[in-house]
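As given, the protein sequences belong to chains A and B, one line each in that order. Numbered per our numbering, the first sequence spans residues 1 to 370. Numbered per our numbering, the second sequence spans residues 1001 to 1124.
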Amino acid sequence: MTEASESLKTTPLHSLHLELKGKMVPFAGYDMPVQYPLGILKEHQHTRAKAGLFDVSHMGQVRLTGEDPAAALESLVPGDIKGLARGRMRYTLFLNEQGGILDDLMVTNAGDHLFLVVNAARKDHDVAHMRERLKGKAEVELLDDLALMAFQGPEAAAVLGRFIPEAATMKFMSYLPATFNGIPAIITRSGYTGEDGYEISCDKSDAETIARALLAEDEVEAIGLGARDSLRLEAGLCLYGHDIDETTTPVEAGLEWALSKRRREEGGFPGHAIIKDQLANGAPRRRVGLQPDGRQPAREHTDVCDADGHKIGEVTSGGFGPTASAPVAMGYVDRAHAAVGTPVQLMVRGKPLAAKVAAMPFVPQRYYRG
Amino acid sequence: MTIKYTKDHEWVRVEGDIGTVGVSDHAQHQLGDVVFVELPDVGRQLAQGKEAAVVESVKAASDVFAPVSGEVIEANADLENDPSLVNAGAETTGWFFKLRLSNPSELDGLMDEAAYKAFVEGQA
Chain A
1 MTEASESLKT TPLHSLHLEL KGKMVPFAGY DMPVQYPLGI LKEHQHTRAK
51 AGLFDVSHMG QVRLTGEDPA AALESLVPGD IKGLARGRMR YTLFLNEQGG
101 ILDDLMVTNA GDHLFLVVNA ARKDHDVAHM RERLKGKAEV ELLDDLALMA
151 FQGPEAAAVL GRFIPEAATM KFMSYLPATF NGIPAIITRS GYTGEDGYEI
201 SCDKSDAETI ARALLAEDEV EAIGLGARDS LRLEAGLCLY GHDIDETTTP
251 VEAGLEWALS KRRREEGGFP GHAIIKDQLA NGAPRRRVGL QPDGRQPARE
301 HTDVCDADGH KIGEVTSGGF GPTASAPVAM GYVDRAHAAV GTPVQLMVRG
351 KPLAAKVAAM PFVPQRYYRG
Chain B
1001 MTIKYTKDHE WVRVEGDIGT VGVSDHAQHQ LGDVVFVELP DVGRQLAQGK
1051 EAAVVESVKA ASDVFAPVSG EVIEANADLE NDPSLVNAGA ETTGWFFKLR
1101 LSNPSELDGL MDEAAYKAFV EGQA
């Protein structure tokens, strides 16, 4: 068993991961389970078939308060935050002045505050960024005393409903303060797998109790970060630092749906001029799905070439999709080659691998629509 | 018949001047579910310790090195259709390729089964 090295942080579920014989690896400064004895392939399939519990306590949970935190946050992101009804949530992006993506995040209108969930590797950056840019307009509190679990899969609603009946019928992308066997918890119907599911936020001292209660249900398995990655890749969802970063704009990344209509017109967020131009005239490159012919996966940083062998882009995430039962990848290509069906070559270990630009997601998303 | 192991967790089983090569059961456990194996072409000359094949799990690609030098005479076609054979039978049906040894004395530098077992336990 791997012991956490002194430089790595641990989550409130660390001892449970060790007890479950999780294979621990460093991730974003934390000692995290990449898989359990079930293995990535079966953990992935189990999540798509039943329900999987993921520890995502390494992610940053942030509370934004002030006179009008929604107006303040809108100065940093292109989403419609002011229009977010109480109890509803939205995916948005911190942008830089070039329209590059500093992080992607979830924002919930929790009534008297905004509740944000940001990436683990970016939470210190994001908190510093907000404190600097929102000074005098909003108070930024990193909620270090909270744990976060993702509970995903087609059986997740039925299982969570045994503990919190209202959870079974709550809307997709909504928020519910609840109690789980008497323990206070914040539930959102959201996730990162393409399946129906939830994220559960609670005090770190209560996390193991909730995790054990869910894992005791027949439908539920503990799922590691390896399957989290293959699930989100099949669902066509971006991983920050790989598929999106400071050099990619939301238009290049195909995230126009995160650019709210009012904000596109009004602006008032960093990089608006560049993004407005790209929305009107197209971006020089696009994030696309890539489907290799055959069984061989193409990994991150694989060059993408046109039929003549000229480099037109690069794979940013790639692997094997257990549900697609085929290799799947995404990456950026020049706009001229971005149409679905365009034949390309992926240069895997010096040899061209035939592939096509493919529509994403690779497996249908199955979010709860009520 | 001799079976020998490398520190990179390949095995080679030798009959006459023909060696059958694969990855150890310990290695397949570490790799996890194998989804693709890239095998060397028949006729390729492999040098000991150099890249010979690639094994891909859901998560990552890993190099497989030639435990001994020689010319590839057969690749395991069954792995193309069912790469999970590497998990099911790493040291039997999940073999990678066969080669004709060009320098059998290289075997002397490899570990026998007992030594490999001790090596793996020492790594844990």
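Think of the CB as a built atom: it goes at the ideal place given N, C-alpha and C, for glycine as much as any other residue.
Residue of the options minimising C-alpha distance to residue i
| i | options | result |
| --- | --- | --- |
| PHE27/A | HIS14/A, GLY282/A and ALA121/A | ALA121/A |
| LYS204/A | VAL304/A, ASP144/A and LEU20/A | ASP144/A |
| ALA222/A | ALA110/A, HIS44/A, PRO12/A and VAL25/A | HIS44/A |
| ALA154/A | TYR91/A, ALA128/A and ARG48/A | The sequence given here has Pro at residue 154/A, not Ala. Considering only alpha carbons, the answer is ARG48/A. |
| PRO184/A | TYR192/A, LEU146/A, ALA355/A and ASP80/A | LEU146/A |
| LEU73/A | ARG133/A, ALA150/A, ARG86/A and TYR36/A | ARG133/A |
| GLU1056/B | ALA138/A, LEU41/A and PHE54/A | LEU41/A |
| THR316/A | LYS137/A, LEU237/A and GLY83/A | LEU237/A |
| MET106/A | GLY268/A, ASP243/A, LYS21/A and LEU93/A | LEU93/A |
| SER7/A | GLY29/A, GLY191/A and LEU16/A | GLY29/A |
| ARG1044/B | SER1105/B, ALA1053/B and ASP1063/B | ALA1053/B |
| GLN365/A | GLY197/A, ARG86/A and MET149/A | GLY197/A |
| LEU84/A | VAL62/A, GLY66/A, ALA178/A and ALA70/A | ALA70/A |
| PRO12/A | GLY309/A, VAL118/A, LEU160/A and ARG212/A | ARG212/A |
| ALA207/A | GLY313/A, ARG189/A and PHE180/A | PHE180/A |
| PRO284/A | TYR240/A, GLY267/A and ALA338/A | ALA338/A |
| ALA298/A | LYS171/A, LEU353/A and TYR91/A | LEU353/A |
Opposing strand residues paired with residue i [DSSP bridges]
| i | result |
| --- | --- |
| TRP1011/B | TYR1005/B and GLY1022/B |
| ILE101/A | LEU95/A |
| LYS351/A | VAL348/A |
| ALA358/A | GLY289/A |
| ASP1017/B | In DSSP, ASP1017/B forms no bridge with anything. |
| GLY152/A | According to the sequence provided, residue 152/A is Gln. The question's Gly does not apply to it. Bridge partners of GLN152/A: GLY52/A and GLY197/A. |
| GLN1045/B | GLU1071/B |
| GLY27/A | Reading off the sequence, residue 27/A comes out as Phe, not Gly. Paired residues: TYR30/A. |
| MET330/A | GLY289/A and SER317/A |
| ASP1063/B | VAL1054/B |
| PRO12/A | The partner list for PRO12/A (beta bridge, DSSP) is empty, contrary to what the question assumes. |
| ARG1100/B | ILE1018/B and GLU1071/B |
| ALA138/A | According to DSSP, ALA138/A bridges with nothing at all. |
| ASP303/A | GLU314/A and MET347/A |
| PHE1036/B | GLU1056/B |
Residue i, buried or exposed, once every other Cβ within 10 Å from all chains shown has been counted against 16
| i | result |
| --- | --- |
| LEU1079/B | buried |
| ILE1073/B | exposed |
| VAL357/A | buried |
| VAL340/A | exposed |
| ALA215/A | Here residue 215/A is Leu; the residue named in the question, Ala, does not match the sequence. Exposed is the call here. |
| ASP1082/B | exposed |
| ASP1033/B | buried |
| GLN152/A | buried |
| SER57/A | buried |
| LYS1050/B | exposed |
| ASN109/A | buried |
| ASP126/A | buried |
| GLY224/A | buried |
| ALA1088/B | exposed |
| GLY1042/B | At residue 1042/B the sequence reads Val, which differs from the Gly that was named. VAL1042/B is exposed by the Cβ-count criterion. |
| ALA150/A | buried |
| LYS261/A | exposed |
| GLY1016/B | exposed |
| PRO327/A | buried |
| ASN1076/B | buried |
8 Å Cβ cutoff, residue i in contact with chain B
| i | result |
| --- | --- |
| LEU353/A | no |
| SER230/A | yes |
| PRO165/A | no |
| GLY52/A | no |
| PHE27/A | no |
| ALA4/A | Interpretation of ALA4/A is limited by its pLDDT of 48, a score under 50 that renders its predicted location unreliable; no figure is taken from the coordinates. |
| PRO297/A | yes |
| SER223/A | Position check: residue 223/A holds Ile in this sequence, whereas Ser was assumed. Taking Cβ atoms only, chain B never reaches closer than 8 Å to ILE223/A, which makes this a no. |
| PRO322/A | yes |
| GLN35/A | yes |
| LEU279/A | no |
| LEU41/A | yes |
| ARG48/A | no |
CB contact check: residue i to chain A, cutoff 8 Å
| i | result |
| --- | --- |
| ALA1077/B | no |
| LYS1059/B | yes |
| GLY1043/B | no |
| PHE1065/B | no |
| PHE1036/B | yes |
| VAL1054/B | yes |
Residue i CB to nearest heavy atom of the ligand PLP below 7 Å
| i | result |
| --- | --- |
| VAL159/A | Among the components of this structure there are no ligands whatsoever, and the ligand PLP is therefore not found. |
**OP:** Go through the segment 239-293 of chain A residue by residue and report every complete run of the beta strand (DSSP E) that reaches 3 residues or more, in order.
**Re:** 285-292, all fully within the segment 239-293 of chain A.
Original post:
Enumerated in chain order, which unbroken segments of the beta strand (DSSP E) with a length of 3 residues or greater are wholly contained in the segment 32-115 of chain A?
Top reply: Whole beta strand (DSSP E) segments, 3+ residues: 51-55, 60-65, 89-95 and 101-109.
**OP:** Ignoring anything shorter than 4 residues or poking outside the segment 157-236 of chain A, list the alpha helix (DSSP H) runs there in chain order.
**Re:** Inside the segment 157-236 of chain A, DSSP marks whole alpha helix (DSSP H) runs of 4 or more residues at positions 207-215 and 225-234, from first to last along the chain.
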